[in-house]
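Working notes, beginning with the structure itself.
Protein chains: 4
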Amino acid sequence: MDRILLTSMNIGFVGLGNMGRGMARNLLRAGHQLTVYNRTRAKAEELIRDGASVAESPAEAAQNAEAVLTMLADDQAVEETVFGENGIASTLKQGAAHISNSTLSVGCARRLASEHQKRGQGYISAPVFGRPDAAENKKLLVIVAGSDDLVTKFHPVFEAIGRQTYAIGTEPWQANAVKISGNFMIATLIETFGEAFAMLRKAQVNHALFHEIITDLFGSPVYKNYGKLIVDEQFDPAGFALKLGFKDTRLALELAQEFNAPLPIASLLRDHYLDALAHGQEKLDWASLAKASARKAALE
Amino acid sequence: MDRILLTSMNIGFVGLGNMGRGMARNLLRAGHQLTVYNRTRAKAEELIRDGASVAESPAEAAQNAEAVLTMLADDQAVEETVFGENGIASTLKQGAAHISNSTLSVGCARRLASEHQKRGQGYISAPVFGRPDAAENKKLLVIVAGSDDLVTKFHPVFEAIGRQTYAIGTEPWQANAVKISGNFMIATLIETFGEAFAMLRKAQVNHALFHEIITDLFGSPVYKNYGKLIVDEQFDPAGFALKLGFKDTRLALELAQEFNAPLPIASLLRDHYLDALAHGQEKLDWASLAKASARKAALE
Amino acid sequence: MDRILLTSMNIGFVGLGNMGRGMARNLLRAGHQLTVYNRTRAKAEELIRDGASVAESPAEAAQNAEAVLTMLADDQAVEETVFGENGIASTLKQGAAHISNSTLSVGCARRLASEHQKRGQGYISAPVFGRPDAAENKKLLVIVAGSDDLVTKFHPVFEAIGRQTYAIGTEPWQANAVKISGNFMIATLIETFGEAFAMLRKAQVNHALFHEIITDLFGSPVYKNYGKLIVDEQFDPAGFALKLGFKDTRLALELAQEFNAPLPIASLLRDHYLDALAHGQEKLDWASLAKASARKAALE
Amino acid sequence: MDRILLTSMNIGFVGLGNMGRGMARNLLRAGHQLTVYNRTRAKAEELIRDGASVAESPAEAAQNAEAVLTMLADDQAVEETVFGENGIASTLKQGAAHISNSTLSVGCARRLASEHQKRGQGYISAPVFGRPDAAENKKLLVIVAGSDDLVTKFHPVFEAIGRQTYAIGTEPWQANAVKISGNFMIATLIETFGEAFAMLRKAQVNHALFHEIITDLFGSPVYKNYGKLIVDEQFDPAGFALKLGFKDTRLALELAQEFNAPLPIASLLRDHYLDALAHGQEKLDWASLAKASARKAALE
């Protein structure tokens with residue numbers, strides 16, 4: 079009990095989507111005081127039952143908080159929530175911090191860091207790896223970057239939502255660069271399965287058994303799970319929508335551009351995403367990228 | 079002891095390289111009678127101490143065998159060993175089988191199957207996944223394809239050399255297609271690390287820590303090991319030489335061509351292999367493919 | 079004389095770079111009244127001698143004009159010149175038109191069309207193909223898009239600056255799409271030469287003679303000129319800087335993205351541009367893209 | 079008349095396809111004595127009327143010839159015709175030469191050179207650029223490589239079939255390298271049109287007018303003709319079949335591989351050819367490569 083008392087904080091939480099709800103619940107379980115905000119209030123109800131308070135705006139969620147976490151779709155959503163009317167920046171106290179868990183561009187992370195600093199507010203980028211069930215079960219990997227003081231101070235928050243915290247640097251955008259690079263690696267895995275499966279199907283080799291072999295070879299749940307989605311062609315409902323995967327590949331290409339580092343597999347992914355979008359797949363799971371390879375082999 | 083007596087076979091083994099030695103030793107450990115042949119006899123010495131007999135030619139290794147295994151560099155080496163002067167095909171008994179563990183083209187596998195059949199000899203493709211230490215420690219994955227009768231009969235042989243056997247079909251070339259596709263997936267992983275690391279190094283983000291995060295995220299020893307080779311730039315001596323990796327990518331492209339299934343990542347790999355070869359890397363580990371990405375980002 | 083009297087117009091011209099100066103001079107030669115503006119006034123001097131008046135701001139260049147032409151570096155430069163302080167939009171008369179000759183994004187062209195329309199001003203996109211000597215010698219191709227009325231009315235202006243006018247549609251952005259696509263085709267030509275020359279040089283085949291053959295085969299001055307720049311490695315000073323070529327490839331990728339049409343050669347160009355930028359080539363001619371292919375073949 | 083008498087030679091000609099017939103006719107027109115052979119004799123009839131003799135085998139076509147020309151589909155056809163039963167090599171006189179006009183691999187050219195030399199026979203690679211109408215009208219470009227003596231001696235032969243002769247070197251395979259590289263450049267042009275047209279069609283920009291603009295810009299009949307085939311979707315009957323175009327891209331990739339020079343656009347072309355073949359386009363014109371881009375943009 080002591081530990082909880084010592085580390086209990088007033089925390090705001092904005093964005094109760096599939097990921098955010100699990101993360102918010104784990105903050106409550108860790109003993110923190112939570113004030114939540116979501117654009118559609120209905121999603122906040124179950125958290126109220128778990129002990130959260132509800133705010134009427136991001137500003138209200140932030141006003142008494144030591145830290146306010148945001149888990150939102152993209153750059154634009156975060157910037158509106160922070161700097162728009164009744165935004166977080168308007169009420170967050172000096173010395174308190176905004177912790178962004180979203181997958182953002184490095185440019186957006188830099189703007190957030192700079193704008194919060196002007197207001198005497200702290201900012202940490204803390205994107206997470208994991209799907210909604212990992213969020214619910216405190217299995218996320220939390221990648222954090224920000225000033226050492228802030229990262230140390232809010233360590234209990236990161237520990238509350240994930241199974242492992244990685245501090246990557248003192249510039250917040252560095253955590254975003256890592257998250258973007260990690261999603262690039264997962265997208266490449268999906269593409270690779272798509273290509274190999276299409277070839278084996280054309281050759282009439284058992285691609286489901288190939289998937290089992292690869293799962294054994296790599297020993298990775300990520301390979302197991304994504305491979306299975308593609309073998310089963312189970313793309314709807316999406317765990318992570320293709321249009322979001324496309325966004326992340328574009329973020330990778332932007333990052334590559336900023337630092338003059340070619341990323342040819344990401345270029346190839348982008349073209350396959352456009353093919354997928356041209357064929358109406360934006361709301362399917364990003365694993366459906368594999369359909370582009372199947373089409374090119376005349377399998378669809 | 080009973081089990082061993084029941085399944086003990088006379089086995090020939092040709093090709094005592096880094097992989098073959100471990101495999102041969104495990105056949106001895108499983109209680110089989112082994113007659114080995116290697117072009118340079120010195121490599122056979124330690125196996126003699128372990129109980130193997132030594133043959134003076136592939137033909138001699140095959141002549142009393144129920145099965146003769148070959149673990150050689152490429153199509154040409156296997157075809158010479160089987161059909162050349164004093165080759166396996168000249169002495170292998172009717173009803174006995176040639177089991178090829180090498181990574182071969184599907185075309186070569188089809189020629190072997192057809193030629194052995196004309197002579198009343200059996201043929202099984204049984205390529206393996208795993209590096210030399212896995213061969214030594216009986217941790218290989220063994221992918222087998224051939225007639226059901228033969229695959230059943232020689233199951234104890236596969237079990238003796240690997241930790242898991244996968245029977246993929248009745249046409250021997252199907253096992254080669256799976257092996258080629260699996261190596262395509264590993265090569266893609268190497269390339270992906272190469273690109274992501276180059277970008278992160280340009281961005282001055284800690285790419286070694288990124289590697290740890292990815293290892294945690296994917297939970298795969300393959301990611302762990304290859305990523306570490308690249309982070310440490312430890313490419314010499316090669317565990318698997320770049321020129322062999324290049325051969326396997328070409329096999330993947332041939333397979334893609336036979337079945338009219340585009341494989342754009344393999345095309346990209348091929349171009350990066352050519353870049354690597356142009357820069358003298360043929361004897362380095364295939365993980366050194368990552369150096370091409372580093373060069374393009376002006377990191378070398 | 080009659081013809082000139084009938085079609086003589088009051089024209090503003092903003093942007094007297096290498097291209098703009100020749101275009102402005104040809105408008106004077108055709109008998110139009112010209113008021114020019116350039117950020118650095120020195121470049122206007124020679125046009126004063128040719129009969130032009132000089133304005134102190136874009137607004138002044140536009141205020142009495144029936145049409146104001148802009149020939150500037152990129153979206154941002156045009157938007158500042160039009161909508162910034164003392165910008166064109168602040169003085170351009172109702173019924174008069176802004177004719178943009180720059181290579182702009184289709185998004186920028188749409189914003190210009192919409193904003194001018196709100197003010198009762200006309201807008202035409204009229205990008206041009208040709209290098210500075212073509213601008214000087216009235217050899218440009220002028221691609222125009224806008225309402226039929228406006229395009230008809232200003233036909234004498236297009237005729238004055240180019241050797242051929244192509245009206246591509248009634249939506250201004252369509253002309254920009256054509257210009258972007260055309261530059262994509264030229265950039266591809268450069269890349270193709272880069273790859274073929276690198277291969278032939280490695281093979282010790284006379285690539286300069288190959289260039290002569292290709293010039294003969296295609297019968298195109300574009301092939302002749304760009305091939306020669308690469309054979310001679312004459313990249314400095316730039317006729318068209320690599321960083322501008324990179325911008326145009328990005329515009330092509332944006333266009334591809336908007337309409338969900340994959341453009342894989344443009345993706346590949348982008349990666350080679352990043353390689354070129356990583357190696358410090360931003361101010362060299364865009365033909366120096368060929369150096370990336372040479373580096374990959376270990377020729378540099 | 080003097081000139082003809084001085085340079086008139088006994089010439090054999092093997093391969094009277096669409097290209098060969100026109101070339102043979104021009105040799106007759108130039109005053110040479112011609113003995114022709116074709117696998118299906120019917121195609122020789124019209125040449126008999128023009129003054130040619132007919133042979134019953136390649137050997138017979140070669141036996142009294144100073145030079146025998148071959149214009150055949152691929153490596154295999156040429157090697158059979160030269161070294162097979164009743165092949166050219168069996169009768170060609172010492173000091174006489176085989177002139178191969180086919181598009182061959184550099185490896186095949188080297189074998190031909192070496193085998194002919196062993197027999198005291200000369201060998202010249204003399205591939206040509208041009209379609210059947212260019213062959214008929216003596217408009218071909220003839221790329222020749224071989225020993226200076228031979229190239230000088232047979233100059234009148236090259237002049238008889240083409241409008242321009244280019245001597246690229248003393249090693250016969252060098253001419254093949256140039257031909258392969260030239261076809262790579264044409265295939266890239268086709269691909270570029272395919273991509274740009276697909277994008278503009280999605281954007282509802284007039285791609286036929288874009289083609290006119292590009293034709294004007296590049297000033298090249300090659301651009302004009304291929305672009306028109308694609309705009310009109312006129313792919314059947316094939317002027318040059320897609321499966322032959324695919325062969326030439328593979329030759330380019332082989333060449334790139336031999337000299338360790340990456341050729342990423344050729345890799346991309348190869349993948350698009352596989353897509354085209356998967357969709358049954360092998361007998362359509364190679365300009366139909368553009369259909370792959372249209373499919374990816376969901377236009378088909």
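Protein chains in written order, with my numbering: chain E, 79 to 378; chain G, 79 to 378; chain C, 79 to 378; chain D, 79 to 378.
Just so you know, even glycine gets a beta-carbon here, dropped at the ideal spot from N, CA and C.
Consider the Cβ of D353 (chain C): report whether some Cβ of chain E lies at a distance smaller than 7 angstroms.
Yes, contact with chain E.
Cβ-Cβ distance between M149 (chain C) and G98 (chain C) below 7 angstroms
Between M149 (chain C) and G98 (chain C), the C-beta gap is smaller than 7 angstroms, which places the two residues in contact.
For W251 (chain E), the nearest candidate out of E:S183, E:Q154, E:V206 (CA to CA):
It is E:S183 whose Cα lies nearest to the Cα of W251 (chain E).
Neighbouring residues, chain D, relative to A375 (chain C) (Cβ below 7 angstroms):
The contacting residues are N338, A339, P340.
Contact between the stretch 269-279 of chain G and the stretch 230-240 of chain E is defined here as three or more beta-carbon pairs at a separation below 8 angstroms; is this criterion met?
No, because fewer than three Cβ pairs between the stretch 269-279 of chain G and the stretch 230-240 of chain E fall closer than 8 angstroms, the two stretches do not touch.
Is it right to say I264 (chain D) is buried, meaning 16 or more other beta carbons lie within 10 angstroms of its own, or is it exposed?
Buried, because 16 or more other Cβ atoms sit within 10 Å of the Cβ of I264 (chain D).
7 angstroms is my cut-off, CB to CB: does A213 (chain E) come that close to chain G?
So, not an interface residue.
Spatial neighbours of S298 (chain E) within its chain, please: C-beta separation below 8 angstroms, excluding the five flanking residues on both sides.
Contacts found: none.
Using a Cβ cut-off of 7 angstroms (strictly closer), state whether K369 (chain G) contacts chain E.
Taking Cβ atoms only, chain E never reaches closer than 7 angstroms to K369 (chain G), which makes this a no.
Quick check on this structure: which residue in D:E290, D:A334, D:L170 has the alpha carbon closest to the alpha carbon of Q242 (chain C)?
Between Q242 (chain C) and the set D:E290, D:A334, D:L170, the nearest pair of CA atoms involves D:E290.
Given N284 (chain E), which residues of its chain have a CB within under 8 angstroms of its CB, disregarding the five upstream and five downstream residues?
Same-chain partners within the cutoff: L278.
Look at A143 (chain D) and N179 (chain D) and say whether their C-beta atoms are less than 7 angstroms apart.
Contact flag unset, no.
If we define contact as Cβ-Cβ less than 7 angstroms, is H357 (chain E) a contact residue for chain D?
So, interface residue.
Assess, as a yes-or-no matter, whether the stretch 120-128 of chain E is touched by the stretch 151-167 of chain E under the definition of 3 or more beta carbon pairs within less than 8 angstroms.
Counting Cβ pairs under 8 angstroms, fewer than three are found: no touch.
R81 (chain C) - DSSP class collapsed to helix/strand/coil
Here R81 (chain C) scores only 45 on pLDDT, less than 50, and its place in the model should not be relied on; the value that follows carries that caveat. If DSSP states are grouped into helix, strand and coil, R81 (chain C) belongs with the helices.
When DSSP builds the beta bridges, which residues end up paired with I202 (chain D)?
By DSSP's assignment, I202 (chain D) forms a beta bridge with D:I177.
Residue burial classification, P315 (chain C) (beta-carbon count within 10 angstroms, cutoff 16):
Exposed.
When DSSP builds the beta bridges, which residues end up paired with N88 (chain G)?
In the DSSP output, where bridge partners are listed per residue, N88 (chain G) has G:Q111.
From which residue to which residue does the beta strand (DSSP E) around R241 (chain C) run?
R241 (chain C): member of the beta strand (DSSP E) spanning 240-247, first to last residue.
Neighbourhood of I258 (chain C) by C-beta, 6 angstroms cutoff - its chain only, sequence neighbours within 5 removed
Residues of the same chain with a CB within less than 6 angstroms of the CB of I258 (chain C), apart from the 5 flanking positions on each side, are L329, A330, L333 in chain order.
How far does the beta strand (DSSP E) with I221 (chain E) in it reach, from first residue to last?
Here the beta strand (DSSP E) through I221 (chain E) covers 218-223.
Tell me which same chain residues have a C-beta within less than 6 angstroms of the C-beta of S203 (chain E), skipping the five on either side of it?
Beyond the five residues adjoining it in sequence on each side, S203 (chain E) comes within less than 6 angstroms, by CB distance, of S178, A187, A223, P250, A253, N254 in the same chain, given in chain order.
Exposure label - A133 (chain D); buried when at least 16 CB within 10 Å:
Answer is buried; the Cβ neighbour count reaches 16.
Against chain D, with Cβ distances strictly below 7 angstroms, would S183 (chain G) count as a contact?
No, because no Cβ of chain D sits closer than 7 angstroms to the Cβ of S183 (chain G).
Return the CA-CA distance between R209 (chain D) and G100 (chain D), expressed in angstroms with no decimal places.
Roughly 10 angstroms between the two C-alpha positions.
For S168 (chain C), which residues from the same chain have a beta carbon less than 6 angstroms from its beta carbon, with the 5 sequence-adjacent residues on both sides left out?
Counting only Cβ-Cβ distances below 6 angstroms, and skipping sequence neighbours, we find A137.
At what residue ranges does the stretch 251-339 of chain D contain a whole run of the alpha helix (DSSP H), taking only runs of 4 or more?
Entirely contained in the stretch 251-339 of chain D, the alpha helix (DSSP H) runs reaching 4 residues are, in chain order, 285-296, 299-309, 320-336.
Would you say S178 (chain E) lies against chain C (beta-carbon separation less than 7 angstroms)?
It does not; no Cβ of chain C falls within 7 angstroms.
With respect to the alpha helix (DSSP H) encompassing A187 (chain G), which residues constitute its N-terminal and C-terminal limits?
184-196 is the extent of the alpha helix (DSSP H) around A187 (chain G).
Name, going along the chain, the residues of the stretch 269-281 of chain D whose beta-carbon falls closer than 7 angstroms to a beta-carbon of chain C.
So the list reads E269, T270, E273, A274, A276, M277, L278, K280, A281, given in the order they occur along the chain.
Using a threshold of 7 angstroms, state whether the C-beta atoms of S131 (chain C) and T118 (chain C) are closer than that.
No.
Who are the Cβ neighbours of K216 (chain E) in its own chain at under 7 angstroms, not counting the five residues just before and after it?
The beta carbon of K216 (chain E) is closer than 7 angstroms to those of N104, I239, G240, R241 in its chain, skipping five residues each way along the sequence.
Are the beta-carbon atoms belonging to N164 (chain D) and S135 (chain D) less than 7 angstroms from one another?
Contact annotation: N164 (chain D) and S135 (chain D) have beta-carbon atoms nearer than 7 angstroms.
Contacting residues, own chain, Cβ-Cβ under 6 angstroms from Q172 (chain G) (five flanking each side not counted):
G198.
Between S259 (chain D) and chain G, is there a C-beta pair that is closer than 7 angstroms?
Contacts with chain G at 7 angstroms (Cβ-Cβ) do not include S259 (chain D).
Measuring only between beta-carbons, confirm whether Y201 (chain C) sits less than 7 angstroms from chain D.
Closer than 7 angstroms: no.
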